[in-house]
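Shown next, in structure tokens, is the structure this report addresses.
What follows is the structure, encoded as structure tokens:
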């Protein structure tokens, strides 16, 4: 049997798709390799959310195509959001790849490899974006002490800048029993300490399936499993209820970490984005969260949206300085084909976008450094993940740090630790946004 090599690009939801692909291929008898030069088949699972993601996807496909010349690669297969969105253009303009499967075609990978063996090339398999693949047993690509679990597919929020509904379809919740069963299986097969619950909008979970939001009920069932931390990604601001905040605050297993994509603060821009919240409601939400204790608030913001003025960006900057959010990500607006925002007047030049991005990043960096220094003297729960050999210190994450996007903590310990151990660490110092500490009994 061929050995399969995979490259997964984009978000954590894409990573789950890649893990399910691996599970399907394993069930079909294929083996795997982490070395692209040793792979008989290379699968690139792509993202197409914004221009930079598309550029990265094309660049990666071309890079992997070199292994058809200089490695063992027989077939190069492109999957995911890019072929879902641009299958015809890719089939014509990317002859280096042998087959293209959209987001609804992952379960047909073994069939595609068989067809390639029979001499077919340029295969394009079309599934409607609303045809969901059945959930498959996964092969984890994360370290074994944490795993993502997807509770819904697609999105129905219809933000004017976003292509996700046209790529992934309408918001579709997974059956609660299937989510819990998958979580139970993952926990039985791996030493998982942190379960990361993901969807484009977890706060909408269950509305399409059960007629009302069932997130708390789902969390109650997941909390009954043998897992130490549960993290939620992502919570849309207009759907965060007092009941949900109270539940998270009272449940010790759920990380006090709220990733809330606000995207802007100016009412004019929020309306143009078709966001369902106002600046006053954002302020009220922050107050409601802070009144309930020590929550870590993360958000993302789009800079340079069509029609954005200096007054609009000034309102956002003033909000950041006033609200002092714990974590922020900033993105320069990407004009996406087929989205309503692409047709709006007032498109912003790239240079202006970047200058505004730098301005907001600098403002938030000062806040983040102040927040980090303010943690000196605290004792925090830390999930140990590895060793910094240069510093001869352990490396971990606190409850306030999601994998890949947030900070780390470096610490010393007077006793040995196994990766995945959750331990108490006294914060003694910091370097920029990195905490330093040592374990306490």
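Numbering (my numbering), first residue to last: -19 to 421.
Positions of the beta carbon are idealized from the N, C-alpha and C atoms, including for glycine.
Reference residue i, options the options, closest by Cα
i	options	result
residue 380	299, -7, 351	351
residue 296	322, 336, 226, 318	336
residue 118	101, 169, 97	169
residue 383	192, 128, 359	128
residue -18	52, 40, 417, 327	52
residue 101	87, 131, 70	70
residue 348	194, 279, 84, 324	279
residue 123	156, 75, 172, 143	172
residue 106	161, 363, 63	63
residue 3	96, 87, 40	87
residue 197	179, 176, 174, 223	223
residue 387	11, 73, 415, 185	415
residue 369	392, 377, 402	392
residue 307	343, 283, 136, 13	343
residue 174	181, 166, 418	166
residue 162	59, 134, 23, 0	0
residue 427	159, 367, 397, 339	Residue 427 cannot be examined here, being either before or after the span of the chain that is shown, -19 to 421.
residue 328	290, 135, 160	290
residue -8	126, 146, 338	126
Delimiting residues of the beta strand (DSSP E) encompassing residue i
i	result
residue 281	276 to 283
residue 373	373 to 378
residue 270	No beta strand (DSSP E) holds residue 270; the alpha helix (DSSP H) holding it covers 259 to 270.
residue 392	389 to 392
residue -13	-17 to -12
residue 294	From DSSP, residue 294 is part of no beta strand (DSSP E) but of the alpha helix (DSSP H) over 290 to 303.
residue 416	414 to 419
residue 309	307 to 312
residue 398	Neither: residue 398 is in no beta strand (DSSP E) and is coded neither H nor E.
Limits of the unbroken alpha helix (DSSP H) element including residue i
i	result
residue 409	Counting along the chain, residue 409 falls outside any alpha helix (DSSP H), though it belongs to the beta strand (DSSP E) covering 402 to 411.
residue 434	The question about residue 434 has no answer here: the residues shown for the chain are numbered -19 through 421.
residue 86	Counting along the chain, residue 86 falls outside any alpha helix (DSSP H), and DSSP gives it neither H nor E.
residue 227	222 to 230
residue 143	Element bounds for residue 143: n/a, residue is neither H nor E.
Nearest-angstrom Cα separation, counted from residue j out to residue i
i	j	result
residue 444	residue 332	It is not possible to answer for residue 444, since the shown part of the chain is limited to -19 through 421.
residue 425	residue 66	This structure cannot speak to residue 425, because the chain is shown only from -19 to 421.
residue 91	residue 151	28 Å
residue 6	residue 213	29 Å
residue 285	residue 209	36 Å
residue 324	residue 288	11 Å
residue 201	residue 115	19 Å
residue 373	residue 353	19 Å
residue 77	residue 55	7 Å
residue 41	residue 302	44 Å
residue 187	residue 408	45 Å
residue 317	residue 143	8 Å
residue 292	residue 248	8 Å
residue 400	residue 206	14 Å
residue 252	residue 322	11 Å
residue 304	residue 294	15 Å
residue 412	residue 181	31 Å
residue 149	residue 397	44 Å
residue 298	residue 255	20 Å
residue 330	residue 315	11 Å
residue 266	residue 16	46 Å
residue 378	residue 345	19 Å
residue 95	residue 59	16 Å
residue 410	residue 18	42 Å
residue 8	residue 160	25 Å
Close-in-space but distant-in-sequence residues of the same chain around residue i (CB under 6 Å, 5 per side omitted)
i	result
residue 34	28
residue 228	234
residue 79	57, 92, 103
residue -16	5, 10, 12, 21
residue 365	375, 376
residue 156	198
residue 282	243, 311, 313
Residue environment, residue i, which counts as buried when at least 16 other CB atoms sit within 10 Å
i	result
residue 241	buried
residue 385	exposed
residue 273	exposed
residue 32	exposed
residue 97	exposed
residue 313	buried
residue 84	buried
Sequence-distant residues of the same chain with beta carbon closer than 8 Å to residue i, five excluded per side
i	result
residue 250	243, 244, 257, 258, 259
residue 420	359, 404, 405, 406
residue 203	210, 231, 233, 234
residue 326	286, 287, 288
Same chain, Cβ closer than 7 Å to residue i, five either side skipped, listed in chain order
i	result
residue 262	217, 242, 245
residue 320	140
residue -2	-14, -12, 25, 121
residue 185	131, 132, 153, 179, 193, 194, 195, 198
residue 269	225, 238, 275, 277
residue 36	-11
Min CB distance residue i to chain B below 8 Å
i	result
residue 210	No chain B appears in this structure, which consists of one protein chain only.
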